[in-house]
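Participant:
2 protein chains.
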Amino acid sequence: MTNLGIPVPPGFTISTEACGEYTRRRRKYPPGLWDTVIKYMSRLEKTMQKSSPSIGFGNPSNPLLVSVRSGARASMPGMMDSVLNLGLNDQTVQGLIKKTDNERFGYDAYRRFIAMFSTIVMDVKREVFEECLHDKKTSLRCAHDIDLDASALRELIDEFKILVHRHTGRDFPQNPSEQLRMGINAIFDSWNGDRAIAYRRIYKIPDAWGTAVNIMAMVFGNMGNDSGTGVVFTRSPSSGDAMLFGEFLSNAQGEDVVAGVRTPQPITKLEATIPEAYKALTKIQRKLERHYRDMLDLEFTVQKGQLYMLQTRVGKRTGIAAVKIAVDMVKERLITKEEAVLRVEPEHIEQYLYPVFDPNTEARYAKQGKGLPAGPGAAAGKIALTPEQAITMKAAGDRVILVRMETSPDDIHGMSASSGFLTARGGMTSHAAVVARQMGKVCIAGCETVEVNGDSSVRIGSARLNRGDFISINGFDGSVYCGDIPVMASEVVQVIQGTLKPEKSERYQYFAKVLEWADMFRSLDVRANADVPDQAVVARGFGAQGIGLCRTEHMFFAEDRVEIMRSMIMARSTADRMKYLDDLLPLQKQDFIGLYQQMDGYPVTIRLFDPPLHEFLPKREDLMVQIVRAELGGEDSKKLAETKRMLARVEELHEFNPMLGLRGCRLGILMPEITRMQVRAIIEAACEVTKAGGKIFPEIMVPLIGIWGEMKTQKQVIQEVASQVMTECDRIIPYQVGTMIELPRATIMAGEIAEEAEFFSFGTNDLTQTTFGFSRDDAAKIIDFYMTMRDRCPRCQAIDIDQKTMVCRSCEFHIVERADNILTGDPFTTLDRRGVGGFIQIAIERGRAARPDLKLGICGEHGGDPSSVEFCHRAGLSYVSCSPYRVPIARLAAAQSAINHGVSASARLASLPTRRMRTVKKRGKIATRSR
Amino acid sequence: MTNLGIPVPPGFTISTEACGEYTRRRRKYPPGLWDTVIKYMSRLEKTMQKSSPSIGFGNPSNPLLVSVRSGARASMPGMMDSVLNLGLNDQTVQGLIKKTDNERFGYDAYRRFIAMFSTIVMDVKREVFEECLHDKKTSLRCAHDIDLDASALRELIDEFKILVHRHTGRDFPQNPSEQLRMGINAIFDSWNGDRAIAYRRIYKIPDAWGTAVNIMAMVFGNMGNDSGTGVVFTRSPSSGDAMLFGEFLSNAQGEDVVAGVRTPQPITKLEATIPEAYKALTKIQRKLERHYRDMLDLEFTVQKGQLYMLQTRVGKRTGIAAVKIAVDMVKERLITKEEAVLRVEPEHIEQYLYPVFDPNTEARYAKQGKGLPAGPGAAAGKIALTPEQAITMKAAGDRVILVRMETSPDDIHGMSASSGFLTARGGMTSHAAVVARQMGKVCIAGCETVEVNGDSSVRIGSARLNRGDFISINGFDGSVYCGDIPVMASEVVQVIQGTLKPEKSERYQYFAKVLEWADMFRSLDVRANADVPDQAVVARGFGAQGIGLCRTEHMFFAEDRVEIMRSMIMARSTADRMKYLDDLLPLQKQDFIGLYQQMDGYPVTIRLFDPPLHEFLPKREDLMVQIVRAELGGEDSKKLAETKRMLARVEELHEFNPMLGLRGCRLGILMPEITRMQVRAIIEAACEVTKAGGKIFPEIMVPLIGIWGEMKTQKQVIQEVASQVMTECDRIIPYQVGTMIELPRATIMAGEIAEEAEFFSFGTNDLTQTTFGFSRDDAAKIIDFYMTMRDRCPRCQAIDIDQKTMVCRSCEFHIVERADNILTGDPFTTLDRRGVGGFIQIAIERGRAARPDLKLGICGEHGGDPSSVEFCHRAGLSYVSCSPYRVPIARLAAAQSAINHGVSASARLASLPTRRMRTVKKRGKIATRSR
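Residue numbers (the working numbering), protein chains in the order written: chain A, 1 to 931; chain B, 932 to 1862.
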């Protein structure tokens, strides 16, 4: 900013490299650093003397005061420390008083400095000083800090110094140089503080980056009514509207804004009180936006009418704002379309999709509290105060909001049963907040008006509520309400669902615009996982270029079908099974017709049956209990015999590890009649739809292939039935046969398998399971543990450590060294690039070597995770497939990957045929598009 | 043999390449083949004319007759066809009669030829001719074939010719050239017959090898009492004793020996009847053994006092014989020690270990039948006639022998519950035989005296038995007895167990000698998997060079411990769990002391707890049933509450896929107190034993590592506790910390993991499970199906196909093309070299790159499988570890691999330190031998 000619108090910066060296050298400076600091302090003194003669660091008559602040490569709001007024001591305070001719101001600055410095640099608890201040006000019958006069403040200074000695065993440092050194150390050390480390883990900021230290001459906003301090955004961070937005506090220092002792005024008030400063600010705002080409947040101080800028950085914003700002800035020719696409983060797009409260209704409710908006969306439901309550209420069909003082990994099941969480303690990185974002739940953390009393009642603000009472939480802004505010779909979702016209929604238009631009850049196709026509409609609405995964077994959980399915699975003979399959055929065919119609012109990948058999069967233990009941109760012997027969069959089909048992293609190989039925349905449906003019490109996907022979056998059956049906219908359907790569063996044998398979779709859910040996159903607890090792007592594993004393509150173990987290992320959410990704790369290499035009996609849940999409782009896949609501996120992520990493030639080549396939019209040609 | 100057009837050979061409050309000869055959037939005529003037093929006055036989690269006894007397027709038979002056001989030869040729070449059923022959004998009141005179035989010839026409629609071919061409085709075709293909699959003979065709002038053993035919081995094929061993039939043709219509005499009788032939035979025997340097089987014919050798090949032998012959031949300087080691197959060594009947007792029992010895060993038990019976009887604590007409995959569970199988039908490659060898069960297949009547009784020879009656079966020779013959350990096992002195057992000495030689050549170390001191004794007895896997959880299935273990697992708090761990510590320590003492001077790899948690817990369904019973029965409410509490905890611990859940290092990470207890026991035990002068090299193995951080965390805990215990005991124990590589992710991340792990042991059981996605508990049925696809109806999957008509007897589907087997072997038995082996190779490369002195071993059950041992040798592992009884087999396989493939430099290097580790005596050195 100084280089731009903007008024900034003079100062200098110690670079982040110095922080790295400091950490490596175990809290020692690299050679020369201190000398350099001293040298630049002298220069600073000289610079300041130009405006005010004989000012100097430690100069008792006209002292130079400085602020010492952190400044990192990535903003970590609230995580790092800063110290103001540094340079004050018993002598210099007198110089300050003399110079400003304001005794109260001088002593006030000094007592603030002692408290701030001792808290941050010397590890004294903040409460020590607050208590003392409180006692002083009580004894003098003062209501506010401002009521304390100079002598009271002088007394306070003495008392503070005694307290410092009592708590640290040493005097408050009087030497300004020593203060400076200690201050710098404290900033460096705060980089390695627990809060900062936790924050970096979440936002994936490398530990090695380190923090810079900014040393800047102090300016004072508390020098009267022509002074003040404030924070503004250059555009609205919540709506994105292009107007100055922020707060201002007259006659105050920066910390007063943060501490919230006085209520700041909207920035527009500045115009009225100090018009020349406001004018300067609007000019600077425009200059900075032009320079940085982004929305900024600015900190400023006005000292006796003179505006100083203290800091600027790219402003945090909501998703809604991010999209609007990006699109507007393209219109204003500030940025290019590529930049706009890069500016919008995938989570920003998500915010367009979360449910919201009806704004008119919400306005009628009274806010009972406000916490941190830790998980976006809006949710209303009955209060549960324990995880068990949540589970029970959910089981009874209720919507549940879990309200806790704070959550712990033991609450996971209860959290999973809830629509949202509200906690009294904890910040944006607390357990509740992290889990909420992982699970996609609404969450408000650290709402201090919440007070949980045992497991039956809770106080929220002025309301006393019991479990089962309704509350509503707004995860966009952190508001908490009593009562059941109706939740509605977001504008974008309403448009997709057809209940709102696109032209009526400005939001939708911004949303659509940025995705339209994303599509200009991306090379990766985006498909959706959809099992029924309804989902296909949504998928198309969000721009899916086909279906990448239709799980045919999902079609059979419907009530009218589950019975047939169960009988089919329990059939003992092929003849019996075929009877049930005959019943399923027309239903299945109708499903496919529906999907094809929605996906006209696009490919539809249909996975053959991969049912979790046990989910279709009666539970063993239920049958056992039934039998005992019947036997003891002397019930109908015919029914008893039937139950026993059923149990016998269930026992036969029982598997110890269903995940590794009779699944996927194994079922189709042991019972090829199932494959036959499905292929018949797929091809008959295709014939019917093409007769009506549709363009259908079915891709038949054989699941869970691990052995070449499995693929070969199933392909033979598929081709045989397909040819037969096409002959019967007298039509040619251009279909492909491929496989899901979801077993480690399939990756290493990909070369052989690609001889038969015309496409691979990486089933990364299952591949992650077998690569790690983690069952998704069972391993959540382990993965959560692995991600929270750092927070646990190494002896008893409890997450209950006193952060100051490092003593475990549960087992009283004194923690010397913290454990490291074993996992930084859940591999089921974000693709494990090196392990699972390594196998995927082996499969791609070997598969493409065997079949150069092999089509490659991914259809695990990772298909909608931005980091995983980037991996897929770089690995050269043709497409990703994800749930319909993740399609926009995947489109954006794919575009960002292409802009950041370029388009790989193989990806471009491979993606061509799937974009829009040509219909094969000629008769007599081989039907599949294989070589 | 001709080149050695041994008398062989003249002839020539069509090479195996011709067979390959014939198959490729769809049963057409390659150009020039037939002309060449004709050319060599003329030469053969000329050669024969030298001994007998004017003989010629088709010459009616003095016809040349030939045999047409197969001759393959590997012997396939009984699988391939041959035709004798080819060249006979209505004219030439007269010439034969005239020439031999024996009308009966001539017509007998002709009628035999018609039957044999029509059966083999023209696909007429053998029974057609047998029935006709039988009717003829009945109508003429003749008891034996030999009683039929020339005119009866002439009538038979006419009747046979009519039968041929009726069954084939064509005349019996009179043209000798046509006979020859058809005969050659039939031999070629027999290579692709189902029996031959099935045999090749089992013995892993490539289909591409093809068969040769040998065309040889006929000599006749049925020309009077100075003629005859026989088969001899140059040494005893059952004991290996160096003496001519075989059978002889005077005045007979080869087929009579096979058909068993007359009882042959021992070969020694030949000396009495035709002494000059016997003398020639003994001379030839010696000459051939010197030439081929192996034990041989010989077929010969004596025609009017003149000995002709028809065939020789390396003789099949029992394991006992194979070892004795190999050792003896080294003594006789016929072969080298390397060759001796290569001559002994791993299965041969196994035969020394199978239980046997007490020979004195067995001799007192009457044989009720004899079948094919399809699974070696001796077993006695109660008869079960259905798999269900077998399961029930086994559950009641009985030893079971399953007796079936034949077995099918549906019987697998019953087979698994039995000690042995006896079937009425099926050969060495039948389902029962294959399964028996896989499961290591005793099996006698195709015992024709067995007749099963329903599911309650069975006739075996003259005995009528009911289910539950005792029978005894000898799988070495195929004998079946009624009654319960005591089974005893083999001589070798008796020596190992210390109940027989080595010097008293010649068998043991031969066994030990060949393994002593094996040890001279191998570079791979062999360790044993042993969990308790008893097993360690056996392991050392068999020459194990340490323990490669001690599964500590196995120690806790003992009755006195399982309760503590269960309580430990069910404990809800760390404090609670530690109480039970304290109880386990002394027990565990004692176990280790026992193991160390047995393995003095050798490494002992101890795997930390990897318990199948659910096996230690009460069953959920049992508890549920108990609760219902208690509730309905109005039982003690206190006990009911306790059961409910227990159920609640079991539910908490319940896993859907225990294989992929809380196992291995995950347990030690979530509950580090378990690891602490175990490490304490390991190191305390080591301190105690070294104090008493023992040399202990514990290797602590962390199971189921998939993530670098897991290894790091556990290693920290291990090192912390180990240092503490060593300080307490004031001793230094040289221990290592390593991991079991048993997850796919561990293989691809091996580089990182090796930064922490000092050794890798490949846990190929689990690695196979996760690589294939096969749970061992559940996938047996699928794997069995995959290995038997060829035998199944492609429509209904039944194994019940009429091999002649290729119609499925179950669903009447006409099979056009057979399926291919998806798996040729069970990957849990023989390592999947390309899939699982591919991952192992990745792990070796990356692990060694990160830590060049990384010790590498394998401890899955594959460690005792010869083919897998070969893989391990070639991959450069340091050692294999297998169950104690597989140690000798692994030693032999390792030697054979080294001889066949050379010693890889890395293997030699890597194996050095494990052979016998140096004790680290110096104090103050870092205890682990890590870098």
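Don't be surprised by glycine CBs; every beta carbon is placed ideally from N, CA and C.
State the DSSP-derived secondary structure class of A/M415, mapped to helix, strand or coil.
Facilitator: Residue state, collapsed to three classes: helix.
Participant: Alpha helix (DSSP H) containing B/E1202: first to last residue?
Facilitator: Run containing B/E1202: T1199 to T1204, per the alpha helix (DSSP H) assignment.
Participant: If we require 4 or more residues per run, which alpha helix (DSSP H) segments fall completely within the region 1686 to 1772 of chain B?
Facilitator: If we require 4 residues or more, the alpha helix (DSSP H) runs fully inside the region 1686 to 1772 of chain B come out as 1695 to 1703 and 1707 to 1718.
Participant: Please report the straight-line C-alpha distance between B/I1146 and B/I945, rounded to a whole angstrom.
Facilitator: Using only the alpha carbons, I get a separation of about 8 Å.
Participant: Taking the alpha-carbon positions, what's the A/A905 to A/V341 distance?
Facilitator: The predicted model places A/A905 with a pLDDT of 47, which falls under 50 and marks its position as unreliable, so this point remains unresolved.
Participant: Would you give the residue range spanned by the alpha helix (DSSP H) that B/Y1412 belongs to?
Facilitator: First-last for B/Y1412: S1410 to C1413, but that is the beta strand (DSSP E), not the alpha helix (DSSP H).
Participant: Just list the alpha helix (DSSP H) runs in the region 1441 to 1529 of chain B, keeping only unbroken ones of 4 residues or longer that don't cross its boundaries, in chain order.
Facilitator: As far as the region 1441 to 1529 of chain B is concerned, its whole alpha helix (DSSP H) runs of at least 4 residues are 1464 to 1472, 1490 to 1501 and 1505 to 1529.
Participant: Could you please give me the residues that DSSP links to B/Q1196 through a beta bridge?
Facilitator: Per DSSP, B/F1179.
Participant: Output the distance between the C-alpha atoms of B/I1663 and B/I1631, rounded to the nearest integer angstrom.
Facilitator: Using only the alpha carbons, I get a separation of about 15 Å.
Participant: Given 8 Å as the limit, is there contact between the region 1775 to 1788 of chain B and the region 1746 to 1758 of chain B, that is, 3 or more CB pairs closer than that?
Facilitator: Output reads no: the region 1746 to 1758 of chain B does not touch the region 1775 to 1788 of chain B.
Participant: Is B/S1837 helix, strand or coil when you go by DSSP?
Facilitator: The pLDDT assigned to B/S1837 is 48, lower than 50, so where the model puts this residue is not dependable; a value taken from the coordinates is nonetheless given after this. DSSP places B/S1837 in helix when its eight states are reduced to three.
Participant: What are the residues that DSSP puts in a beta bridge with B/C1813?
Facilitator: Bridge partners of B/C1813: B/A1459.
Participant: At a Cβ threshold of 9 Å, is B/D1709 touching chain A?
Facilitator: Yes, its Cβ sits closer than 9 Å to a Cβ of chain A.
Participant: Could you check whether the Cβ of B/K1325 sits closer than 9 Å to any Cβ belonging to chain A?
Facilitator: No, because no Cβ of chain A sits closer than 9 Å to the Cβ of B/K1325.
Participant: B/C1790 CB to nearest chain A CB: under 9 Å?
Facilitator: It does not: the Cβ of B/C1790 has no partner Cβ on chain A nearer than 9 Å.
Participant: Since B/I1128 meets chain A, which of its residues come closer than 9 Å, beta carbon to beta carbon?
Facilitator: Neighbours of B/I1128 on chain A: none; closest Cβ ~16 Å, over 9 Å.
Participant: Which chain B residues are close to A/E615, counting only those with a beta carbon under 8 Å from its beta carbon?
Facilitator: Within chain B, no residue comes near A/E615; the closest Cβ sits about 11 Å away, beyond 8 Å.
Participant: Beta-carbon within less than 7 Å of B/R1839's beta-carbon, same chain only, minus the 5 sequence neighbours each way: which residues are those?
Facilitator: Residue placement at B/R1839 is flagged as unreliable, the pLDDT there being 47, under the threshold of 50; a coordinate-derived value is accordingly withheld.
Participant: With C-beta atoms as the reference, is A/D477 less than 9 Å away from A/K316?
Facilitator: No, the pair does not count as a contact, with Cβ atoms beyond the cut-off.
Participant: Classify B/R1131 as buried or exposed, calling it buried when 16 or more other Cβ atoms lie within 10 Å of its own Cβ.
Facilitator: So B/R1131 ends up on the buried side.
Participant: Give me the DSSP bridge partner(s) of B/N1405.
Facilitator: The partner list for B/N1405 (beta bridge, DSSP) reads B/A1309 and B/S1410.
Participant: Any beta carbon of chain A sitting closer than 9 Å to that of B/P1464?
Facilitator: With 9 Å as the cut-off, B/P1464 does not count as an interface residue toward chain A.
Participant: How close, in whole Å, do the beta carbons of A/K367 and A/V480 come, if the pair is a contact with beta carbons under 8 Å?
Facilitator: Their Cβ separation, rounded to whole angstroms, is 7 Å, which keeps A/K367 and A/V480 in contact under 8 Å.
Participant: On the criterion of 16 or more Cβ atoms from any shown chain inside 10 Å, does B/Q1728 qualify as buried, or is it exposed?
Facilitator: When all chains shown are included, B/Q1728 counts as buried.
Participant: Could you tell me whether any Cβ in chain A is nearer than 9 Å to the Cβ of B/S1706?
Facilitator: With 9 Å as the cut-off, B/S1706 counts as an interface residue toward chain A.
Participant: Would a C-beta distance cut-off of 9 Å place A/E758 and A/R851 closer than the cut-off?
Facilitator: Against a cut-off of 9 Å, the Cβ pair of A/R851 and A/E758 comes out as a contact.
Participant: Would you say B/Y1511 reaches chain A, if we count a Cβ-Cβ gap shorter than 9 Å as a contact?
Facilitator: Judged by the 9 Å Cβ criterion, B/Y1511 is not in contact with chain A.
Participant: Where are the beta strand (DSSP E) runs, 3 residues long or more, that stay fully inside the region 695 to 741 of chain A, in chain order?
Facilitator: You should have 697 to 702 and 736 to 741.
Participant: In the DSSP assignment, the alpha helix (DSSP H) including A/S868 goes from what residue to what residue?
Facilitator: That run of the alpha helix (DSSP H) goes P866 to A875.
Participant: What is the DSSP secondary structure of A/L856, reduced to helix, strand or coil?
Facilitator: The answer is strand: DSSP assigns A/L856 an E or B state.
Participant: When the Cα atoms are used, what is the spatial distance from A/F934 to A/R566?
Facilitator: There is simply no residue 934 of chain A to check, as chain A begins at 1 and stops at 931 in what is shown.
Participant: What are the boundary residues of the beta strand (DSSP E) that includes B/T1267?
Facilitator: B/T1267 -> no beta strand (DSSP E), and no H or E assigned at all.
Participant: Taking 9 Å as the CB-CB cut-off, is A/F656 touching chain B?
Facilitator: So, interface residue.
Participant: Report the rounded CA-to-CA distance for A/G427 versus A/R809, giving the unit in angstroms.
Facilitator: Distance between the alpha carbons of A/G427 and A/R809 is about 20 Å.
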